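Have a look at the structure below before the remarks.
Chains as they are written, first to last, in the UniProt record's numbering: chain B, 1 to 475; chain S, 1 to 514; chain R, 1 to 294.
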């Protein structure tokens, strides 16, 4: 029987695109219809539609699908394990005493946003490369300092992401694929370097982290020869109500619980150990960077697969938002202007005080947690503004622009759906749905710090540029 | 037949929920009747009156919710309760499970395995792309959008043909599949006649006439207006005829179109000659001889086509009300018109309805102008100014740019009507009122104030203004067909019972000196 | 904690004096009913989009389904607060006080006559069928029978009423109570509309007020508590704000006022608003007849 004759005998289930009342009329007649939440592909721009069409050419399509399958397999199969802590100069590839790593795509000092300048100058003072902040501005602009994105050194950095030689780093090894990712330690409180604060209290804290916290963690992890399976811990944290970007209370508890026995066995004084525990207890954010390193570790394993349209990096430097795509090996950034973050502000601050979206933390969304896993964390809905329904909506909607679900990390509320994994540049431009990012808001002036939290989206330009380049490169 | 009852003690739902629950419960498969009501004495009384009283119902209290289901078997009853309970708990829980929204045809098609059809009505610039996606996902397509290039149409139809899928459109306004009307379609009986139509309102008209004659429809396949052009080559119509010929439920096939391009006509005729089933052909202004030669049943006009189809399907001719033309009425109207009132002004929402009336007029008059005339000499120079006999299709591109179709938004036609009504050379204004899914909820009602005003004005000026109205619809359409007709008649409008009669009456009203 | 926006002044006084306690009787998306332990009446806490009404407190909340209330939750008061278990606390100190006051029947009836004609036309077109207004497409024998009984019994009631046969009218009215689909059966809603008009001060039918009280005496065992409460309040001239504003428009308003306020009433429940509006029209008809006799 032909397909048409088969249709004559079937119950109609229509997919309706366009005029909505056509769906209503079908439903009224007792048949089923699903109305699409449709927008013109590529925002209706002809060159983007042409690029999408080109990528759908069957021979090209087959290559892409194959490459993407491999890319998401690598993301899903990656098993990042925390194997230690050490100073950046000792472990981060290409690190020198005069190197400053920063968040987001490449940027020169003069173009940096207020918070990032604050952090850079603070770090120069911390490293002894300048005697005070004023001098630090001169040093930074002098050309004596090498600036580079964290991402180009296997690192990620939250907010300003400023990472200097003597800071202690998480060392996270991908047990499946062997690559290693790094990130520095959480400074906890609101008035901190990564938010652009740089007064003496900030420098003092950095000193203590270098002299006490870092060495204790390093020595503790030397005693733990198995390392800590971060993916397993992440999965637990999600089941405990974290989305592991803006809510880290469960993750932090799990992490310190795993570290504690080894911390106790180190040779430091009880007072110093006590300081460490107090420090961890002072903010839930302690494990925030840890999940960033995990995400980076998994995504780096999927970077550089020819013909893949999977996004492996989303990062912001406070001025620009940049993405990297697996199919464009190395450090090809596609950028657009950094966006405002919309969300509740701390008392006393107004929206016009906020700096633009900043930090490498969007690596968590790139992996499928954070904004993508909002349904696991109804508790933070109030923090980032919005409703529980919206939170759930985000998690299901992100499936529209991703390639697969990660069965290792699941969302109980959505029937243990795996987190949406493998953002596909084609799907983003096709649907106009932007990846949703949960993030903190830093004050736009240097030296003040965090003033709120909220939700933001990447600029569409970054994805459009990526799509156009991919369509030229994949034949 | 069994009756089962569930009493939900002390259960309160708000009225809106109860109503929608009741509606849905009555639609559950196998349910003959479902009653959902509060357990008051009076409501129990009603249940007793309709013969469904049970001991459980007797026991129900004021604050209890009664659910009574009557179905053929116990099993069906139980199934129904499972469904009703699902509906009840759905209303009641708030697990926060929001409805999944899909953004692309591919993601929807992959997530909904039972999906079998895409109805696409996005802007023409994007429509072909979406249609292609749908076909790639093995969905049949109804493409409502217009402004799709002919090259894209050919590509889509070839692709669909290869995959054995329906590719209805672009610019396909109507279809009925498995008794479900899509876009602009009328509610008609299920029956034994299949329609393939390249003209939307023409197909609607045939389906409605068939229903009126007591017949019914198996499938109505729209092809889009360009299908029978030289370039497209009738791909969809040929596939449609073939599918209906193979469809067990279909006994008679009706084809509706403007005359096809000659090469395409040949292919269609060849296909007809191979059909196992009788094929009635209504190609507006088409050639009888060729069609008859190919073994087709020629129809010159719409009502005739529907009647032939119904008779071929085995209806008893003596029992059909053929809605004959009202000859005395013609004389009556002629007598009222002054000598200078000699022109027809046709103001149509439906393109084929306009065509049919125009062709009827052209049989007796030469000076027939239109915005859709084939003969360029008789195309209106200015579509906003009528000339002698004028027929306007308000659904044509010029009138719909940036505006909804007149079947949805009749405002342009209302303004034009006011203009025509003032013209002392006008003998009759003929208009169609299209009911059914998609159409305006009260097409006659929105026109009425203008009609009443125009009639009064004409009366003051001492002339008779003859207005002829045709309501395309069935007693099953949601707009209430009878009410629409009554409103027309009450306003002094002459009611035509079919598109064919409307065309003939309009023409005859203004024939002078016979 | 939530703030009450406005509410029935008696109810608010009770809360302020900590003289109110009870338990949750029923929960809907937009309203929660509380049964008072003091007088057994139902009181309503309503979300912000709902209009004021007798025994009703309108509070700053969009929907109740996000607050995890359960039937039989304890309700108590303390200073200016109304507590529902430990789940919802409502502050009433900032609430605007509202009272149900019906407008007077006008001396000249031109506007009233014009508006009631308009209103009947409008309901013919836009009213919701299935209750007092016939459904265009009744699908089940139950619906058909229901519709027949509603029509027949309202007809009988009005005949008795117009002919001033008091006790017969009471008997006929009782046959409407509890009749019809929906949470508040259509017959009840119709009576609410009718009672309201019979309670208009200075109206020709004002003497029929007692008729309402007599009918309500019979009502309790015939319908559910929620619907009974609305009827009981209407029988003493206390009804929702939207109904009062509709009556005001009918008696004194322009056509636009009428349509706006009528639309608000028609939106009540499913067919409830239409049923009430038809009760109002029946009441006005009764006044016309009674007025003619004076």
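C-beta atoms are modelled at their ideal positions from N, C-alpha and C, and glycine is treated no differently.
All values reported here derive from a predicted model rather than from experimental measurement.
List the residues that DSSP assigns as beta-bridge partners of residue 450 (chain B).
Per DSSP, the beta-bridge partners of residue 450 (chain B) are B:442.
Is the Cβ-Cβ distance between residue 429 (chain B) and residue 467 (chain B) less than 9 Å?
Result yes, Cβ atoms of residue 429 (chain B) and residue 467 (chain B) sit closer than 9 Å.
Between the CA atoms of residue 81 (chain B) and residue 233 (chain B) - distance to the nearest angstrom:
Rounded to whole angstroms, the gap between the alpha carbons of residue 233 (chain B) and residue 81 (chain B) is 10 Å.
Using a Cβ cut-off of 8 Å, which residues of the region 145-176 of chain R contact any Cβ in chain S, in chain order?
Cβ contacts with chain S come from 145, 146, 149, 175 and 176.
So the candidates are R:16, R:209, R:264 and R:194; which of them puts its Cα closest to the Cα of residue 90 (chain R)?
The shortest Cα separation from residue 90 (chain R) among R:16, R:209, R:264 and R:194 belongs to R:16.
Skipping 5 residues on each side, what residues in its chain have a beta carbon closer than 8 Å to that of residue 277 (chain S)?
Only 244, 245, 250, 251, 252 and 253 meet the Cβ criterion.
According to DSSP, what are the bridge partners of residue 86 (chain B)?
Answer is B:169, bridged to residue 86 (chain B).
Please give me, in chain order, every unbroken run of the alpha helix (DSSP H) with length at least 4 that falls completely inside the region 175-223 of chain R.
Within the region 175-223 of chain R, the complete alpha helix (DSSP H) runs of at least 4 residues are 186-198 and 209-219.
Is there at least one Cβ from chain R nearer than 9 Å to residue 235 (chain S)'s Cβ?
With 9 Å as the cut-off, residue 235 (chain S) does not count as an interface residue toward chain R.
Measuring straight from C-alpha to C-alpha, what distance separates residue 386 (chain B) and residue 379 (chain B)?
The straight-line gap from Cα to Cα measures roughly 11 Å.
Along chain S, which residues have their Cβ under 9 Å away from the Cβ of residue 19 (chain B)?
Going along chain S in sequence order, the residues near residue 19 (chain B) (Cβ under 9 Å) are 119, 121, 122, 144, 183 and 438.
Residue 60 (chain B) - containing alpha helix (DSSP H), residue span
It spans 58-77 - the alpha helix (DSSP H) in which residue 60 (chain B) sits, taken as one unbroken run.
Three-state class that DSSP yields for residue 91 (chain S) in the structure shown
With a pLDDT of only 40 at residue 91 (chain S), under 50, the local geometry of the prediction cannot be trusted, and no value is derived from it.
Mind checking the region 175-209 of chain R against chain S and listing, in chain order, the residues whose C-beta falls within less than 8 Å of any C-beta there?
If the cut-off is 8 Å between Cβ atoms, the region 175-209 of chain R has 175, 176, 177, 178, 179, 180, 181, 182, 183, 184, 185 and 187 near chain S.
Taking DSSP as the reference, what is the three-state secondary structure of residue 167 (chain S)?
Residue 167 (chain S) falls in the strand class under three-state DSSP.
Which one or two residues does DSSP pair with residue 155 (chain B) in a beta bridge?
For residue 155 (chain B), which the question treats as bridged, DSSP gives the partners B:182.
With DSSP as the reference, label residue 85 (chain R) as helix, strand or coil.
Here DSSP, grouped into helix, strand and coil, assigns residue 85 (chain R) to coil.
If you reduce the DSSP assignment to three classes, tell me which class residue 520 (chain S) lands in.
The structure shown has nothing for residue 520 (chain S), since chain S only spans 1 to 514.
Taking only the alpha-carbon atoms, compute the straight-line gap between residue 295 (chain B) and residue 158 (chain S) and give it to the nearest angstrom.
Here the C-alpha atom of residue 295 (chain B) lies approximately 47 Å from the C-alpha atom of residue 158 (chain S).
Kindly give me the distance between the Cβ atoms of residue 446 (chain B) and residue 161 (chain B), rounded to whole angstroms, as I take these residues to be in contact under 8 Å.
With 8 Å as the limit, residue 446 (chain B) and residue 161 (chain B) do not qualify as a contact, their Cβ atoms being about 15 Å apart.
At 4 residues or longer, and completely inside the region 316-368 of chain S: list those alpha helix (DSSP H) runs for me, N to C.
The DSSP assignment places complete alpha helix (DSSP H) segments of no fewer than 4 residues inside the region 316-368 of chain S at 327-336 and 351-362, in order along the chain.
Compute the beta-carbon to beta-carbon distance between residue 29 (chain R) and residue 65 (chain R), rounded to the nearest angstrom, for a pair I have assumed lies under 8 Å.
Indeed they touch by this definition, with Cβ atoms about 5 Å apart.
Are residue 8 (chain R) and residue 52 (chain R) closer than 9 Å when you measure CB to CB?
Residue 8 (chain R) places its beta carbon less than 9 Å from that of residue 52 (chain R).
Does the beta-carbon distance from residue 153 (chain B) to residue 105 (chain B) come in below 9 Å?
Between residue 153 (chain B) and residue 105 (chain B), the C-beta spacing is not below 9 Å.
Tell me, to the nearest whole angstrom, how far the beta carbon of residue 68 (chain B) is from that of residue 403 (chain B); I am working on the premise that it is less than 8 Å.
Sure, about 6 Å apart at Cβ, within 8 Å.
Taking the C-alpha atoms as reference points, what is the distance between residue 216 (chain S) and residue 12 (chain B)?
One C-alpha to the other measures close to 19 Å.
From the DSSP secondary-structure annotation, give me the bridge partner or partners of residue 337 (chain B).
Paired residue(s): B:320.
From residue 393 (chain S) to residue 187 (chain S), what does the alpha carbon distance come to, in whole angstroms?
Distance from the CA atom of residue 393 (chain S) to the CA atom of residue 187 (chain S), rounded to whole angstroms, is 24 Å.
Please work out which residues of its chain come closer than 7 Å, Cβ to Cβ, to residue 202 (chain B), disregarding the five sequence neighbours upstream and downstream, and give them in chain order.
Here the set comprises 122, 191, 192 and 193.
Could you name the residues of the same chain whose beta carbon sits closer than 6 Å to that of residue 171 (chain S), not counting the 5 residues immediately before and after it, in chain order?
In chain order, 146, 224 and 225 place their CB closer than 6 Å to the CB of residue 171 (chain S), counting only its own chain and leaving out the 5 sequence neighbours on each side.
For the alpha helix (DSSP H) that contains residue 274 (chain B), what are its first and last residues?
It spans 270-281 - the alpha helix (DSSP H) in which residue 274 (chain B) sits, taken as one unbroken run.
For residue 444 (chain S) and residue 382 (chain S), what's the separation of their Cα atoms in angstroms?
When rounded, the distance between both Cα atoms is 27 Å.
Which listed residue (S:241, S:271, S:508 and S:363) has its alpha carbon closest to that of residue 337 (chain S)
Of the residues S:241, S:271, S:508 and S:363, the one whose Cα lies closest to the Cα of residue 337 (chain S) is S:508.
Just to confirm the assignment, what range does the beta strand (DSSP E) spanning residue 33 (chain B) have?
Run containing residue 33 (chain B): 32-35, per the beta strand (DSSP E) assignment.
For residue 144 (chain R), which three-state DSSP category applies?
Here residue 144 (chain R) sits in helix by DSSP.
Have a look at the DSSP bridge pairing and note the partners of residue 190 (chain S).
Answer by DSSP bridge pairing, in chain order: S:217.
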